[in-house]
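Here the sequence shown is numbered in our numbering, starting from 3 and rising by one per residue. Glycine included, every Cβ here is placed at the ideal spot set by N, Cα and C.
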Amino acid sequence: MEVLPKFISIIAFFYIFQFILFVNSTNITNKIIIITPTYKRITRYPDIIRLANTLQHLSEIHWIIIEDGHKKSSGVERILNNTNIPFTYIASKTPSGIPKRGWWQRDKALDLLISSKSKFIKPNQKGIVYFADDDNSYDLRLFNNYIRNVKKIGVWAVAFSSSPIEAPIVKNGKVVGFQSYYAPNRKFAMDMASFAISLDLFISKPNVRFTMDPSKYSQSPEPILLTGLGIEREDLEPFGYNSKIKEVFVYHTKTKNPIPSFSKRKNHTNFGFDIEFP
Numbered sequence: 003m004e005v006l007p008k009f010i011s012i013i014a015f016f017y018i019f020q021f022i023l024f025v026n027s028t029n030i031t032n033k034i035i036i037i038t039p040t041y042k043r044i045t046r047y048p049d050i051i052r053l054a055n056t057l058q059h060l061s062e063i064h065w066i067i068i069e070d071g072h073k074k075s076s077g078v079e080r081i082l083n084n085t086n087i088p089f090t091y092i093a094s095k096t097p098s099g100i101p102k103r104g105w106w107q108r109d110k111a112l113d114l115l116i117s118s119k120s121k122f123i124k125p126n127q128k129g130i131v132y133f134a135d136d137d138n139s140y141d142l143r144l145f146n147n148y149i150r151n152v153k154k155i156g157v158w159a160v161a162f163s164s165s166p167i168e169a170p171i172v173k174n175g176k177v178v179g180f181q182s183y184y185a186p187n188r189k190f191a192m193d194m195a196s197f198a199i200s201l202d203l204f205i206s207k208p209n210v211r212f213t214m215d216p217s218k219y220s221q222s223p224e225p226i227l228l229t230g231l232g233i234e235r236e237d238l239e240p241f242g243y244n245s246k247i248k249e250v251f252v253y254h255t256k257t258k259n260p261i262p263s264f265s266k267r268k269n270h271t272n273f274g275f276d277i278e279f280p
């Protein structure tokens, strides 16, 4: 008679264990993949430090940094190693003829991400890709409230791009246009910092890249990517448009050269300290 209660206990334990596994599998936090092109300049170290100080407050992220050069910067790598951020740092010099605005570096990050998805994303986990310049300013809520909740492609306001504010115009929860000083009637009047895309969409179109069509090198990179991915305006998921106070969570800032006369000097000395001269 004692066997039956033990058998029932084993069966109950089995189903409880399966239920726990199910709950855990359905509650996996979306992973944010942050792609950051970078290049040597005198303000690069403080820019990377500032961005790292923001990202260190986030969980479930992976930061891919791509150096526009033939080799990685030992200084940048040291800064990254001193953080607790999961990161991948690679170097890939922009080939001749390709725009030197981070296009090539973003493509190399996508190559790595698509070919090695399992290294970045857990089984059953959803990945969201965000292109973050190393000198922009980011509110943590951009990542936790917006990017983390993107289904296909999320969009939001960004400050200090081609206009003081660029933002989607939203009616009945749908994007119907864009607020922008520069060509507001464009299909995608958007800055790179103003959207994030599901990794699944990149996986479904594995050959789409910024540099895939040389005839479009005179255009902005954003519509090249979005059009290549087959995104339509009705696909855009707006964030932050219905808040009581419409806050901006990302600013397209640029760090000013602290001493412009540096660039006029032929010979520089760092007095033994590690800083990057142009």
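Asked                                                                                                                            : Found
Under the three-state DSSP convention, the category residue 234 falls into                                                       : coil
Contact set for residue 197: own chain, Cβ-Cβ below 7 Å, skip 5 residues either direction                                        : 155, 156 and 157
Residue 153 (DSSP reduced to helix, strand or coil)                                                                              : coil
Bounding residues of the alpha helix (DSSP H) (the contiguous stretch that carries residue 56)                                   : 46–57
Contact between the region 199–208 and the region 134–144 (3+ Cβ pairs under 8 Å)                                                : no
Residue 47 to residue 174 span [Cα, whole Å]                                                                                     : 44 Å
Residue 78: first and last residue of the uninterrupted alpha helix (DSSP H) it sits in                                          : 76–83
Secondary structure of residue 139, DSSP reduced to three states                                                                 : strand
Exposure of residue 40, with buried meaning 16 or more beta-carbon neighbours within 10 Å                                        : buried
Residue 111, DSSP secondary structure in three states                                                                            : helix
Beta-carbon contacts of residue 71 that lie in its chain and below 6 Å, excluding the five residues immediately before and after : 93 and 95
Residue 271 versus residue 166 - alpha carbon distance                                                                           : 38 Å
Span separating the alpha-carbon of residue 181 from that of residue 85                                                          : 37 Å
Residue 224 and residue 190 closer than 7 Å at C-beta                                                                            : yes
Simplified DSSP assignment, three categories, for residue 224                                                                    : helix
Which listed residue (249, 75 and 192) has its alpha carbon closest to that of residue 279                                       : 75
Residue 178 burial status per 10 Å Cβ neighbour count (16 or more: buried)                                                       : exposed
Cβ contact check for the region 238–253 and the region 116–126: 3 or more pairs under 8 Å                                        : no
Burial state of residue 142 (16 or more Cβ within 10 Å)                                                                          : exposed
Sub-7 Å separation of residue 139 and residue 253 beta-carbons                                                                   : yes
Residue 212 - DSSP class collapsed to helix/strand/coil                                                                          : coil
Cβ neighbours of residue 111 in the same chain (closer than 6 Å, five flanking residues each side left out)                      : 37, 66 and 68
Residue 195 (DSSP reduced to helix, strand or coil)                                                                              : helix
Residue 269 to residue 43 span [Cα, whole Å]                                                                                     : 16 Å
As assigned by DSSP and simplified to three states, the class of residue 253                                                     : strand
Backbone secondary structure at residue 38 - three-state DSSP                                                                    : strand
Selected residue, minimal CA-CA separation from residue 249, among 73, 148 and 99                                                : 148
Continuous alpha helix (DSSP H) stretch holding residue 167: start and end                                                       : First-last for residue 167: 167–173, but that is the beta strand (DSSP E), not the alpha helix (DSSP H).
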